[in-house]
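Remarks on the structure that follows.
In our numbering, the protein residues as written are 101 to 317.
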């Protein structure tokens, strides 16, 4: 991989991303950074709100593949908070955001432990929900909704085509856990979803969900 391609994908080496996936399996759910196409779809709620400054939270930012796209579309005088648990990824994110033209603060913590009095216009999540247990997922989703302003948007993705593999290779306990997580996510989709779209230009392809907290934007 040459330097230009490394910058585009958000990591200098694919092996370093895989290593973090093994070190933090509950926080890193992929073995490669998000594609540009996936990043563009994830930041759609930011682009449509670009009439004035925004307060945005990115959770599970990884190496910064989506972070760079967020910074590209944020209006002047906006703010970006980043929550990331991996110290390796935090170091990369500091490099990525060093020349940002908006206010950026990186928090090395888990979203459940993140403390703030801010309310957010948009939350972009890269957390691998299928890696958590259903109680954790319910808590994380409730936290996201609680951190949004009325009318604020939550955007996240889930990989497509992974359910058959999980059914084929996971034990019965894992299969039940995955089904329970899916049930939690469907309940939030029914209550808050405004749309979803499949991004095929990603490895693996991913479905992006857009949710909205009720109330005036």
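For each residue, glycine too, the CB sits at the ideal point set by N, CA and C. Computed from a prediction, not measured in an experiment: that's the story for all the values here.
For this session: Return the CA-CA distance between residue 111 and residue 160, expressed in angstroms with no decimal places.
Result: Locating residue 111 in the chain shown gives position 11, counting from the first residue. Locating residue 160 in the chain shown gives position 60, counting from the first residue. Note that residue 111 scores 40 on pLDDT, short of 50, meaning its location in the model is unreliable and no value can be drawn from it.
For this session: Just list the beta strand (DSSP E) runs in the region 129-210, keeping only unbroken ones of 3 residues or longer that don't cross its boundaries, in chain order.
Result: For the region 129-210, whole beta strand (DSSP E) runs of length 3 or above, ordered along the chain, are 155-159, 179-183 and 203-207.
For this session: Assign residue 127 to one of two classes, buried (16 or more other C-beta atoms within 10 Å of its C-beta) or exposed (fewer than that).
Result: Here residue 127 is taken as the residue at index 27 of the chain shown, counted from 1. Note that residue 127 has pLDDT 49, beneath the 50 cutoff, so the model's placement of it is unreliable and no number is given.
For this session: Could you tell me which of 165, 162 and 181 sits nearest to residue 154, measuring between CA atoms?
Result: Locating residue 154 in the chain shown gives position 54, where the first residue counts as 1. The shortest C-alpha separation from residue 154 is found at 181.
Problem set entry | Any 3 or more C-beta pairs closer than 8 Å across the region 231-244 and the region 166-181 | In this structure the region 231-244 does not touch the region 166-181; the number of beta carbon pairs closer than 8 Å is below three.
Problem set entry | 6 Å Cβ shell around residue 135 - same chain, five flanking residues per side excluded | The sequence position of residue 135 within the chain shown is 35, counting from 1. If the five residues before and after residue 135 are omitted, its C-beta is found closer than 6 Å to the C-beta atoms of 301 and 302, all from its own chain and listed in chain order.
Exercise. Rounded to a whole number of angstroms, what is the C-alpha to C-alpha distance between residue 259 and residue 271?
Worked result: Counted from its first residue, the chain shown places residue 259 at position 159. Counted from its first residue, the chain shown places residue 271 at position 171. A direct Cα-to-Cα measurement between residue 259 and residue 271 gives close to 20 Å.
Problem set entry | Reference residue 299; option with closest CA among 183, 189, 309 and 185 | Counted from its first residue, the chain shown places residue 299 at position 199. Cα-wise, what sits closest to residue 299 is 309.
Exercise. Whole alpha helix (DSSP H) runs in the region 227-265 with 4 or more residues, listed along the chain?
Worked result: List check, alpha helix (DSSP H) in window: 234-247.
Problem set entry | Cβ separation of residue 249 and residue 211, assumed to be a contact under 8 Å, to the nearest whole Å | If you number the chain shown from 1, residue 249 lands on position 149. If you number the chain shown from 1, residue 211 lands on position 111. No, residue 249 and residue 211 are not in contact; Cβ-Cβ is about 17 Å, not under 8 Å.
Exercise. In or out: residue 311 buried (at least 16 other Cβ within 10 Å) or exposed?
Worked result: Mapped onto the chain shown, residue 311 falls at position 211. Buried, since its Cβ has 16 or more Cβ neighbours within 10 Å.
For this session: Have a look at residue 220 and residue 177 and give me their C-alpha separation to the nearest angstrom.
Result: By one-based count along the chain shown, residue 220 stands at place 120. By one-based count along the chain shown, residue 177 stands at place 77. Across the structure, residue 220 and residue 177 are spaced so that their CA atoms are roughly 14 Å apart.
Exercise. Beta-carbon separation of residue 173 and residue 143 under 7 Å?
Worked result: Walking along the chain shown from the start, residue 173 turns up at place 73. Walking along the chain shown from the start, residue 143 turns up at place 43. Closer than 7 Å, so yes.
Exercise. If you follow the beta strand (DSSP E) that residue 325 is part of, which residue opens it and which one closes it?
Worked result: This structure does not reach residue 325, given that the chain is present from 101 up to 317, and the question cannot be answered.
Exercise. Is it true that the CB of residue 207 sits closer than 7 Å to the CB of residue 185?
Worked result: Sequence index remark: in the chain shown, residue 185 carries index 85 (1-based). Sequence index remark: in the chain shown, residue 207 carries index 107 (1-based). No, the Cβ-Cβ distance between residue 185 and residue 207 is not below 7 Å.
Problem set entry | Extent of the continuous beta strand (DSSP E) run through residue 225 | On the chain shown, position 125 is the one that residue 225 refers to. Here the beta strand (DSSP E) through residue 225 covers 220-225.
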